[in-house]
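>
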Amino acid sequence: MIQLRNITKHYPVGFGKHEILKEVNLEIGQGEFVSIMGPSGSGKSTLLHILGMLEDASEGEYLFQNEPVHKMNDKKRTQLHRGAIGFVFQAYHLIDELTVYENIETPLLYKNVPSGERKSRVADILDRFNMVAKKDLFPTQLSGGQQQLVGIARAIVAEPSVIFADEPTGNLHSDQARQIMELFSELNKKDGITIVQVTHSDLNAGYGNRVIQIKDGKLQ
Amino acid sequence: MWKTYIKIAFRNIWKAKQITFVNVVGLSVAIAAAMLLCMTVYKEFSYDNFHEKGNRLYSVSKVLHEPEKISYMPNMPHPMGPTLKAEMPGIVNSVRMGNNSVALRVNGELKSISTIYTEPSFFNMFSFPVVKGEAKLGLTDIVLSEKSAVTLFGDSDPIGRQVELKTGDTWKALTVTGILKNAPENSSVGYATLIRLENHPDYTTNNNNWFNVSLETFVELQPGTDPETIRRASKAFLEKYFGEDIARQKNGGAKPGDYGAYQLLGLIPMREVHFSPHSNLGGEKKMLVLMLLFIAAFLLFIASINFVNLTLARSFTRAREVGMRKVMGAGKWQLSLQLWGEALLLFLISLLIGSLIAYLLLPGYNALFKSGVSFSLLLEPKFIAGIVITLLVVTGLAGGYPAAIMARAQTLMVLKGKMTTGKTNYFRNSLIVTQFVFSCLLIIATLIAWRQMDYLKNKPLGYNTSEVISVPVGPKENGKAVLERLRADLKGQPGIISMTGANANFGMGLDGSASTSIITWDSEGRELKAHWLGIDHDYAKTMSLQLVDGRDFSTAMASDSNGFVINEQMARQFGPGKGQVGFRFHLDDEDPTEYHVVGIVKDYHFKSLRQEIEPQLMHVLNGSDNVRYIFVRVAPGGLAASMDRVAAAWNRAAPQTPFIGSFVNENTDRQYRTEATLTKIFISGGVLTIIISCMGLFAMAVLIIGQRTREIGIRKVLGASAAGVVALISRDFLLLVGLAILIASPVAYFLMNQWLKEFAYRTDIHWSVFVLAGGLAMLIAALTVSFQSVRAALMNPVKSLRTE
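Just so you know, the protein sequences line up as chains A and B, in that order. Whatever position you read off the first sequence (first residue = 1), add 5 for my numbering. Whatever position you read off the second sequence (first residue = 1), add 21 for my numbering.
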């Protein structure tokens with residue numbers, strides 16, 4: 006599903022350049038649950054951003070569902086963001102001005118899902134996450150764990166084939182973290198969604214079926 | 022989708038109440054002001070656009086190339102119109118108009134009303150619709166406007182009714198044949214009544230006289246005729262009728278103009294008459310109107326700047342939302358549209374409030390600027406289209422620009438909250454500077470205009486302005502007779518010093534009329550030129566003119582009828598050895614009458630201070646050339662009581678004419694109405710720009726201090742004093758204002774210098790004006806910012822640190 010070939014990322018620094026990723030080769034298959042681990046500054050977030058098409062690689066080839074990402078235009082990428090890719094962030098990044106319900110509904114609006122279907126899909130998800138009672142609350146009225154649940158609900162409502170999660174439990178205490186990781190595990194097994202997460206925690210990595218170690222921009 | 026957009030827009034507005042409030046209020050005020058100003062401008066530019074034959078109608082004027090200058094004659098002699106029609110190919114019709122105030126008797130009741138002496142082609146050429154009766158103007162007919170029909174006849178049907186017109190000392194019966202719709206507000210040609218030109222008291226003397234100019238003349242060209250061909254042909258035409266004049270111009274050393282002509286006709290298109298300086302019907306300053314448009318535009322501009330600045334500043338807090346939406350697959354277009362839509366919503370709200378403000382202010386505005394616009398203008402399709410276009414442009418710029426920046430920003434950067442980069446700060450700061458440049462410009466302009474007005478009002482004019490009452494005689498009475506009656510009545514009354522009359526007023530009296538007569542004659546091959554004023558005796562005494570030599574006119578001297586009192590300029594023009602008391606001269610080489618100088622008065626400003634003092638000849642009024650203004654000099658104490666006394670005497674002397682006397686200084690002030698209006702515009706514009714700019718500054722301070730709360734807290738914990746913190750925050754803003762002052766000063770100097778050049782007598786532009794304006798702008802800005810900065814500085818640091 007995902008193939009990286011000789012991916013390199015560097016930023017210009019003064020007259021030279023600062024290499025963050027060096028010649029990364031990686032393949033992730035459909036239905037995998039991959040954890041990317043490594044020390045701070047090793048390039049794991051950058052790798053995730055490149056996978057999620059939020060950043061471009063400086064060199065190398067990236068095939069997403071056998072299509073070359075490095076040759077895609079903005080429109081095509083936006084299309085993928087609408088349908089095929091879901092994101093979960095450490096800081097949740099919910100829209101403060103929207104209620105829980107509206108936050109979850111937003112990706113469907115961009116996907117032009119008809120109103121009736123939108124309602125039923127959001128309702129299903131709220132039901133599944135046990136959040137029906139909280140649907141009219143605003144994000145600031147929720148606890149961190151609940152916010153991240155909304156974040157995940159929002160990520161999966163458009164039925165993506167892959168979720169990229171950037172330290173999804175970084176801001177949560179261990180009980181909440183466990184709950185979130187179990188949810189990921191369930192989504193992976195039951196719904197067959199490919200999950201790629203960046204994490205510091207071995208415990209979290211344990212929920213996945215593959216761990217990628219990265220250090221100084223190189224896969225170990 | 023739209024529903025969420027609107028919902029989120031409202032929640033955003035609610036979340037930033039304070040800033041939204043500033044935004045909306047600033048915009049509403051700007052929109053209201055712009056709306057009023059644009060209505061005025063629209064009206065001014067729509068003048069005379071309703072004539073069906075409009076593009077073929079031209080006002081006739083004459084261009085004269087004289088030795089020292091080119092002069093323009095807006096009025097034509099009686100024979101000009103008909104002769105042009107008869108002899109000039111391409112001219113199919115002409116109309117002559119003489120405006121005057123007449124006395125009418127309706128059912129034995131005497132009424133004073135203005136009339137146009139004209140001819141039947143008036144109806145044919147202009148498009149003034151008939152509401153009743155027919156547009157027929159025979160020798161004994163009169164046509165009324167709807168308004169004057171009511172004034173004269175009340176509710177009864179005037180068609181076929183009789184009125185009597187006072188001609189000299191007799192009354193002539195006229196029949197009402199038709200009623201015209203009132204002339205539109207935007208018509209240069211206005212009318213209350215229309216009477217045949219033949220009824221004018223001077224018709225017989227002027228009918229074949231090519232040299233007495235008094236009529237507005239319009240011509241209608243054949244379709245497809247180029248006015249330039251008429252202009253070219255007018256050279257020969259004028260040589261035929263004004264050969265002597267032209268020969269004199271040639272001898273005097275004048276240089277010929279286009280087509281080698283010394284005299285040419287100037288055809289002013291109907292639509293341009295209103296702004297033409299060469300037509301008596303026009304003279305509206307295009308500059309002034311364009312200035313209004315300019316002020317309207319930049320009020321909107323600075324309000325939009327506030328909008329852009331606040332939106333940009335707030336984008337910091339919006340960034341996460343925008344970033345997240347991008348991650349979820351929002352297109353650039355969708356994002357821009359959403360953000361633009363929010364701007365549009367705010368603008369629509371402001372438009373509503375602005376319209377309401379404009380509606381409420383309209384009566385006051387009309388009174389202040391005498392603009393006579395009505396709100397119905399807003400419903401004109403062109404105006405609506407204008408509003409929509411402005412709305413789209415302004416929202417496009419003010420809402421779209423920040424929207425586009427946010428939408429285009431790198432998703433990752435936005436998500437990390439790195440929205441406010443150095444670049445946008447530059448942009449934001451330059452916008453603030455622009456605002457204050459405009460504000461300073463207007464403050465400086467106001468101060469300079471103010472000083473000039475003050476100078477005009479206080480400059481000694483060389484005659485007594487504060488203790489002389491000027492009374493227009495009006496058309497019903499014989500001025501000389503009234504003057505004598507007043508003299509007899511007021512003689513020996515306390516507070517009354519002396520009395521005289523003249524055929525022209527000082528400045529502009531309450532009858533709203535001002536006139537100038539200029540005479541030119543040949544003297545030993547040289548052309549002499551002088552202002553020509555008819556006065557009664559005691560003129561110099563009453564007006565406190567200083568006699569340099571000789572004496573005032575006196576009743577005792579019969580020879581005074583051929584005598585002149587002249588001013589020093591005239592004496593100088595006569596030349597050395599001639600301009601003295603007793604000097605004898607002829608006004609025309611062929612005129613046998615010998616005139617002589619009776620007295621010489623010190624130069625005084627009988628015209629406005631825009632003009633240099635020119636030579637003047639004053640002669641004794643007699644015969645048909647009658648006293649039209651009576652001047653009464655009163656004692657300095659008890660001016661109001663004297664005014665009452667004069668009014669009471671007037672009512673005894675001329676019971677038919679209401680007393681509209683005023684002190685001469687009121688009249689002279691009135692001639693600077695354009696300048697007074699300009700000053701009002703400057704002040705209003707200045708106040709508005711400052712208010713709106715400061716609102717922007719205020720909101721900006723709120724946002725910036727909000728962003729720097731943590732910094733301020735840390736500084737305080739580290740021991741910064743409250744004053745230090747206030748200085749820290751204010752400094753950035755004040756630097757911008759200082760920069761604005763530096764930019765505005767030279768621009769203002771240049772512009773106002775141009776304006777001052779219109780006056781022959783003017784103040785200099787003193788450096789203190791710039792210091793004062795700069796200080797004022799600085800002070801206002803500092804006060805505005807300090808509201809916020811002091812609050813931030815006094816905040817408990819623990820509290821402000823906790824907010825992060």
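Where a beta carbon is used, it is the ideal one built from N, C-alpha and C, also for glycine.
1) Identify every residue that forms a DSSP beta bridge with Glu185 of chain B.
2) Run down chain B in chain order and give the residues with a C-beta less than 9 Å from the C-beta of His86 of chain A.
3) Counting only C-beta atoms, is Thr111 of chain A closer than 9 Å to chain B at any point?
4) Considering only residues of the same chain and omitting the five flanking positions on each side of Gln243 of chain B, which have a CB-CB separation below 6 Å?
5) Does the beta carbon of Lys64 of chain B sit closer than 9 Å to a beta carbon anywhere in chain A?
6) If you drop the 5 nearest sequence neighbours on each side, which residues of the same chain put their C-beta closer than 7 Å to that of Gly516 of chain B?
7) For Leu105 of chain B and Glu505 of chain B, I'd like the C-alpha separation in whole angstroms.
8) Nearest-angstrom Cα distance between Gln39 of chain B and Ser148 of chain A?
9) Compute the distance between the beta-carbons of Leu367 of chain B and Ala424 of chain B, then report whether it is under 9 Å.
10) Which of helix, strand or coil does DSSP assign to Gln16 of chain B?
11) What number of angstroms, rounded off, separates the C-alpha of Leu709 of chain B from the C-alpha of Tyr447 of chain B?
12) Mark Glu65 of chain B as exposed unless 16 or more other C-beta atoms lie within 10 angstroms of its C-beta, in which case mark it buried.
13) Near Thr442 of chain B, which residues of its chain fall below 7 Å by C-beta distance, leaving aside the five closest residues on each side in sequence?
14) With a CB to CB cut of under 7 Å and the five nearest residues on each side skipped, what residues in its chain are close to Glu219 of chain B?
15) Residues of chain A with CB under 9 Å from Thr25 of chain B, in chain order?
16) Using a Cβ cut-off of 9 Å, pull out every chain B residue sitting near Phe92 of chain A, in sequence order please.
17) Would you mind reading off the limits of the alpha helix (DSSP H) that contains Gly88 of chain A?
18) Terminal residues of the continuous beta strand (DSSP E) containing Thr541 of chain B?
19) Do you know how far the Cα of Leu9 of chain A is from the Cα of Tyr67 of chain A?
20) Does Ile29 of chain B get closer than 9 Å to chain A when you measure Cβ to Cβ?
21) Grab me the residues of Ala535 of chain B's own chain with a C-beta within less than 8 Å of its C-beta, minus the 5 sequence neighbours each way, in chain order.
22) Mapping the DSSP letters down to three states, classify Ala351 of chain B as helix, strand or coil.
23) Do the stretch 54-71 of chain A and the stretch 134-144 of chain A meet, that is, are 3 or more Cβ pairs less than 8 Å apart?
24) I'd like the list of long-range same chain contacts for Ala89 of chain A, defined as Cβ closer than 6 Å, with 5 residues on each side in sequence excluded.
25) Quick check on Ala493 of chain B: does DSSP put it in helix, strand or coil?
26) Check this for me: beta carbons of Ile465 of chain B and Val790 of chain B, under 9 Å apart or not?
27) Which chain B residues are close to His98 of chain A, counting only those with a beta carbon under 9 Å from its beta carbon?
28) Whole angstroms are fine: how far does the CA of Phe604 of chain B sit from the CA of Gln577 of chain B?
29) Do Asp162 of chain B and Val197 of chain B have their CB atoms nearer than 9 Å?
30) With a threshold of 9 Å between beta carbons, is Lys38 of chain B in contact with chain A?
31) Rounded to the nearest angstrom, how far is the Cβ of Ile134 of chain B from that of Ala204 of chain B, given a contact under 8 Å?
32) Along chain A, which residues have their Cβ under 7 Å away from the Cβ of Asn33 of chain B?
33) Are the beta-carbon atoms belonging to Tyr560 of chain B and Ala509 of chain B less than 9 Å from one another?
34) So, helix, strand or coil for Asp132 of chain A, using DSSP?
35) Answer yes or no: does any C-beta atom of chain C fall closer than 9 Å to that of Gln728 of chain B?
36) Would Thr238 of chain B and Arg77 of chain B qualify as a contact pair, given that the criterion is a beta-carbon distance under 9 Å?
Result, derived from the coordinates:
1) On the second sequence, position 164 is the one that residue 185 of chain B refers to. In the DSSP output, where bridge partners are listed per residue, Glu185 of chain B has B:Arg126 and B:Ala194.
2) Within the first sequence, numbered from 1, the residue matching residue 86 of chain A stands at position 81. Residues of chain B passing the Cβ test: Lys347, Val348, Met349, Gly350 and Ala351.
3) Position 106 of the first sequence, counted from the first residue, corresponds to residue 111 of chain A. Yes, Thr111 of chain A counts as interfacial toward chain B.
4) As a first step, residue 243 of chain B must be located in the second sequence, where it is residue number 222. Sequence-distant partners of Gln243 of chain B (beyond 5 residues in either direction) whose C-beta falls short of 6 Å from its own C-beta, in its chain, are Gly111 and Val113.
5) Looking up residue 64 of chain B in the second sequence gives position 43. Cβ-Cβ to chain A under 9 Å: no for Lys64 of chain B.
6) Within the second sequence, the letter at position 495 stands for residue 516 of chain B. Exclusion of the five residues before and after Gly516 of chain B leaves Val655, Ala656, Gly659, Ala662, Ser663 and Arg666 as the residues of its chain whose Cβ lies within less than 7 Å of its Cβ.
7) Residue mapping note: residue 105 of chain B aligns to position 84 of the second sequence, counting from 1. Residue mapping note: residue 505 of chain B aligns to position 484 of the second sequence, counting from 1. So the alpha carbons of these two residues sit roughly 45 Å apart.
8) Position 18 of the second sequence, counting from 1, holds the residue named residue 39 of chain B. Position 143 of the first sequence, counting from 1, holds the residue named residue 148 of chain A. About 29 Å.
9) Translated into positions along the second sequence, residue 367 of chain B becomes position 346. Translated into positions along the second sequence, residue 424 of chain B becomes position 403. Not closer than 9 Å, so no.
10) Lying before the first or after the last residue shown, residue 16 of chain B is absent from chain B, which here runs from 22 to 825.
11) To locate residue 709 of chain B, count along the second sequence from 1; it is residue 688. To locate residue 447 of chain B, count along the second sequence from 1; it is residue 426. Note on geometry: alpha-carbon atoms of Leu709 of chain B and Tyr447 of chain B lie some 25 Å from one another.
12) Counted from its first residue, the second sequence places residue 65 of chain B at position 44. With 16 or more other Cβ atoms within 10 Å, it is buried.
13) Taking the first residue of the second sequence as 1, we reach residue 442 of chain B at position 421. The predicted position of Thr442 of chain B is uncertain, since its pLDDT is 45 and thus under 50; a value taken from the coordinates is nonetheless stated next. Excluding sequence neighbours, Thr442 of chain B sits near nothing in its chain.
14) Position 198 of the second sequence holds residue 219 of chain B. Closer than 7 Å at the Cβ level, and outside the excluded window around Glu219 of chain B, lie Leu160.
15) Taking the first residue of the second sequence as 1, we reach residue 25 of chain B at position 4. At a C-beta separation below 9 Å, Thr25 of chain B has these neighbours in chain A: Leu103, Glu107, Glu110, Thr111 and Leu114.
16) Start at 1 with the first residue of the first sequence, and residue 92 of chain A comes out as number 87. Listed along chain B, the residues sitting closer than 9 Å to Phe92 of chain A by beta-carbon distance are Met345, Val348 and Met349.
17) The sequence position of residue 88 of chain A within the first sequence is 83, counting from 1. Residues Asp79 to Gly88.
18) Position 520 of the second sequence, counted from the first residue, corresponds to residue 541 of chain B. Looking at the DSSP string, the run of the beta strand (DSSP E) that includes Thr541 of chain B is Ile539 to Ser544.
19) To locate residue 67 of chain A, count along the first sequence from 1; it is residue 62. To locate residue 9 of chain A, count along the first sequence from 1; it is residue 4. Looking at the two C-alpha atoms, the distance is approximately 5 Å.
20) Counted from its first residue, the second sequence places residue 29 of chain B at position 8. By this cut-off, Ile29 of chain B is an interface position.
21) Working through the second sequence from its first residue, we reach residue 535 of chain B at position 514. So the list reads Ala525, Asn526, Gly528, Met529 and Gln692, once near-sequence residues are dropped.
22) In the second sequence, residue 351 of chain B corresponds to position 330, counting from 1. Ala351 of chain B: coil per DSSP, three-state reduction.
23) Segments in contact, no.
24) Looking up residue 89 of chain A in the first sequence gives position 84. Excluding sequence neighbours, Ala89 of chain A sits near Pro165 and Ser166.
25) Stepping through the second sequence from its first residue, residue 493 of chain B is reached at position 472. Contrary to the premise, residue 493 of chain B reads as Pro rather than Ala in this sequence. In this structure, Pro493 of chain B counts as strand in the three-state DSSP scheme.
26) Position 444 of the second sequence, counting from 1, holds the residue named residue 465 of chain B. Position 769 of the second sequence, counting from 1, holds the residue named residue 790 of chain B. Val790 of chain B is positioned such that its CB atom lies closer than 9 Å to that of Ile465 of chain B.
27) Position 93 of the first sequence, counted from the start, is the residue given in the question as residue 98 of chain A. Ordered by position in chain B, the residues that pass the 9 Å Cβ test against His98 of chain A are Arg341, Glu342, Gly344, Met345, Val348 and Leu436.
28) Within the second sequence, the letter at position 556 stands for residue 577 of chain B. Within the second sequence, the letter at position 583 stands for residue 604 of chain B. Note that residue 577 of chain B is Ala in the sequence shown, not Gln. For Ala577 of chain B and Phe604 of chain B, the distance between alpha carbons rounds to 20 Å.
29) Here residue 162 of chain B is taken as the residue at index 141 of the second sequence, counted from 1. Here residue 197 of chain B is taken as the residue at index 176 of the second sequence, counted from 1. Judged by their CB atoms, Asp162 of chain B and Val197 of chain B are nearer to each other than the 9 Å cut-off.
30) As a working note, residue 38 of chain B is residue 17 in the second sequence. Not a single C-beta of chain A is nearer than 9 Å to the C-beta of Lys38 of chain B.
31) Residue 134 of chain B sits at position 113 when you count from the first residue of the second sequence. Residue 204 of chain B sits at position 183 when you count from the first residue of the second sequence. The beta-carbon distance between Ile134 of chain B and Ala204 of chain B, rounded to whole angstroms, is 14 Å. This is too long to meet the 8 Å contact definition.
32) The residue labelled residue 33 of chain B in the question sits at position 12 within the second sequence. Near Asn33 of chain B (Cβ distances below 7 Å), the residues of chain A are Glu102.
33) As a first step, residue 560 of chain B must be located in the second sequence, where it is residue number 539. As a first step, residue 509 of chain B must be located in the second sequence, where it is residue number 488. Contact annotation: Tyr560 of chain B and Ala509 of chain B have beta-carbon atoms that are not nearer than 9 Å.
34) As a first step, residue 132 of chain A is located in the first sequence; it is residue number 127 there, counting from the start. It is helical.
35) You won't find chain C in this structure, because its protein chains are A and B.
36) Within the second sequence, numbered from 1, the residue matching residue 238 of chain B stands at position 217. Within the second sequence, numbered from 1, the residue matching residue 77 of chain B stands at position 56. No; because the gap between Cβ atoms is not below 9 Å, this pair is not in contact.
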